[in-house]
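Enquirer:
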Amino acid sequence: MKTPPPAPSGALAALRLRLADAEETLRAIRGGEVDSVMVTGKEDSQIFTLDGAERAYRFLIEAMNEGALTLTPDKMILYANQSFARMVQWPLEQIAGGSFRRFLSAADGATLRALMKKAAHDGTKIHMFLHARDGSRLPVQISIRPLAREGRHPVTIGMVVTDLTESVRTEELLRALTHRLVQVQEAERGRVALELHDHITQLLCAVLVRSQTLADQLTARDGPAKREANKLRELLGQTALEVERISRNLRPSILDDLGLVAVLRVTTTEFMERTGVPVTLACVPLAARLPADTELALYRILQEALANVEQHARARHVTVTLTQRQDGVQFVIQDDGIGFDPTRLPARRDAKDRLGLLSMRERATYVGGTLTVKSIRRRGTEIAVHIALPTVGTEKPRIKTDKHG
Ligand SMILES: Nc1ncnc2c1ncn2[C@@H]1O[C@H](COP(=O)(O)OP(=O)(O)OP(=O)(O)O)[C@@H](O)[C@H]1O
Ligand SMILES: [Mg+2]
């Protein structure tokens, strides 16, 4: 058998040179530095021009901050831009031809598989984490769109990957700031409530006693003066009650002294008396007092929810329930009013922001809980808060019901 003669070293060098040339040409095409390519054949040469509009798109995609990719429906990467390569910290040339799955956890991979099926018909978006080469996890939003179709089957899928690191950080900062704001507001409310209670109410009581003495000293013969003194005493009595109510709303001392159930009872009774809407309060006697933060959060959530019932619901009945479960407490406020669509809130006429539901959710989150809003038009609204607590006793709790109205 004859072995082929070794290539002369000059030919090898020429081959290397052509290879380097071809690599450089490819790099230039990718970089948009080339607008036409001449391919030399055996008999003639052919010129391929890169369409002007396509070049502009390519520039755009290479220059953008977002990651851009095209993939086959089974997630094989056909193209990725530099930004994507930077995000995952892999060299660009090692990305194309590989699977997108290598940048995802198993769970995110499964979620994406289902989404890609959906994306074959409509575009879709999802938040997940990308696994970078150094082991870090990058929060991203992935927008998926079909790019070209062959009959009913998409040929390629386009993906735009947005790095959410900054927005996640800002969100966390904002949340910490809101939390701090709520803490400061609570401290200030407590201070004002104490001032009102300790000073103003005390003074008002002293004036009330004096006005009573004055009214008692005046006889029937003093006619109009006695009537005025009686009126004055009455007004002072009402003022003292009003100041006490304001102070209690700012920070009910019975919350600290007697606990959550007592304050729920007082708040719902007051609501019922003021609005005429009957409230059923069903509470389990809790095995132990909840942490002070949790009690305060649940009380503030009740205040906001009742304010909403009063302002928006047109309800005929409200039910407030506090139950203890194996894993925590469940607090529910239900009304049978007009209901609303929590996903579509119309703008306020006075151009102010709607903060009630938002602040309820934030309050629940601070104390490690979750808040869900269910509402059906003409059927009513349910606000449910679940707060996880360390495992509590297994004894089935007895529910105590207060029916007002
Ligand atoms: N119980 C309810 N029944 C009917 N609609 C409600 C109820 N609770 C809330 N809504 C609707 O949801 C919207 C948002 O409520 P949210 O408490 O966040 O804001 P708001 O009450 O409008 O303003 P704010 O609470 O900041 O004074 C309300 O404007 C209202 O349209
Ligand atoms: Mg509100």
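Heads up: the sequence shown begins at 244 in the working numbering, then just goes up one per residue.
C-beta atoms are modelled at their ideal positions from N, C-alpha and C, and glycine is treated no differently.
Small disclaimer: the values here were computed from a predicted structure and weren't measured.
(1) From V575, R587 and G623, pick the residue whose C-alpha is nearest to that of I581; which is it?
(2) Have a look at L588, A339 and F574 and flag the residue whose alpha-carbon is nearest the alpha-carbon of G612.
(3) Relative to the C-alpha of V522, which residue among T566, D578, Q481 and L529 is closest?
(4) Which same chain residues, not among the five before or five after G366, have their C-beta less than 6 Å away from its C-beta?
(5) For ligand 1, is there any heavy atom lying closer than 7 Å to the beta carbon of H555?
(6) Taking a contact to mean a Cβ-Cβ separation below 8 Å, would you say L545 touches I576 in this structure?
(7) Nearest CA to the CA of R568: which residue from L493, I630 and R434?
(8) DSSP on D578, reduced to helix/strand/coil?
(9) Report the option in T564, V610 and I619 whose CA atom is closest to the CA atom of R587.
(10) Are there any heavy atoms of ligand 2 lying less than 7 Å away from the beta-carbon of T492, as far as the coordinates show?
(11) On the DSSP bridge list, what partners appear for V383?
(12) Which residue comes first and which comes last in the beta strand (DSSP E) that contains L614?
(13) V490 by DSSP, collapsed to three states: which one?
(14) Any idea what DSSP makes of I626, helix, strand or coil?
(15) Just to check, is the beta-carbon of E625 closer than 7 Å to a non-hydrogen atom of ligand 2?
(16) Am I right that L524 and R508 are in contact with their C-beta atoms under 8 Å? What's the rounded C-beta distance?
(17) Give the straight-line distance between the Cα atoms of L347 and L312, rounded to the nearest whole angstrom.
(18) Under three-state DSSP, which class holds T511?
(19) Does the beta carbon of N473 fall short of 7 Å from some heavy atom of ligand 2?
(20) How far does the beta strand (DSSP E) with I320 in it extend, from its first residue to its last?
(21) Skipping 5 residues on each side, what residues in its chain have a beta carbon closer than 6 Å to that of D536?
(22) Rounded to the nearest angstrom, how far is the Cβ of V331 from that of L373, given a contact under 8 Å?
(23) Hey, A472 and S454: beta-carbon distance below 8 Å or not?
(24) What separation, rounded to the nearest whole angstrom, lies between the Cα atoms of I304 and L358?
(25) Could you tell me the distance, in whole angstroms, from the CA atom of S379 to the CA atom of T408?
(26) Could you tell me whether any non-hydrogen atom of ligand 1 is closer than 7 Å to the CB of E547?
(27) Would you list the residues sitting across from S342 in a DSSP beta bridge?
(28) Looking at K340: is its Cβ nearer than 8 Å to the Cβ of N324?
(29) So the candidates are R517, A468 and A436; which of them puts its Cα closest to the Cα of S490?
(30) Does any heavy atom of ligand 2 sit closer than 7 Å to the C-beta of A550?
(31) Under the DSSP definition of a beta bridge, which residues are partnered with L447?
(32) DSSP three-state label for P334, please.
(33) D579: beta carbon under 7 Å from a heavy atom of ligand 1?
(34) Would you give the residue range spanned by the beta strand (DSSP E) that A550 belongs to?
(35) Where does A311 fall in DSSP's three states?
(36) Throw me the rounded Cβ distance for the L439 and V506 pair, which I believe falls under 8 Å.
Expert: With the given structure in hand:
(1) G623
(2) F574
(3) D578
(4) R388
(5) yes
(6) yes
(7) I630
(8) strand
(9) I619
(10) Per the sequence presented here, residue 492 reads as Asn, with Thr not at that position. Because no heavy atom of ligand 2 lies under 7 Å away, the Cβ of N492 does not count as near it: no.
(11) M371 and D406
(12) G612 to I619
(13) The sequence given here places Ser at residue 490; Val does not occur at that position. The answer is helix: DSSP assigns S490 an H, G or I state.
(14) strand
(15) no
(16) 6 Å
(17) 15 Å
(18) helix
(19) no
(20) I320 to A323
(21) V610
(22) 6 Å
(23) yes
(24) 23 Å
(25) 12 Å
(26) yes
(27) M319
(28) Sequence inspection shows Gly at residue 340; the Lys mentioned does not correspond to that position. No, Cβ-Cβ distance for G340 and N324 is not below 8 Å.
(29) A436
(30) yes
(31) In DSSP, L447 forms no bridge with anything.
(32) coil
(33) no
(34) Careful: A550 lies outside any beta strand (DSSP E), inside the alpha helix (DSSP H) at A535 to N551.
(35) strand
(36) The pair is not a contact, with the Cβ atoms about 17 Å apart (cut-off 8 Å).
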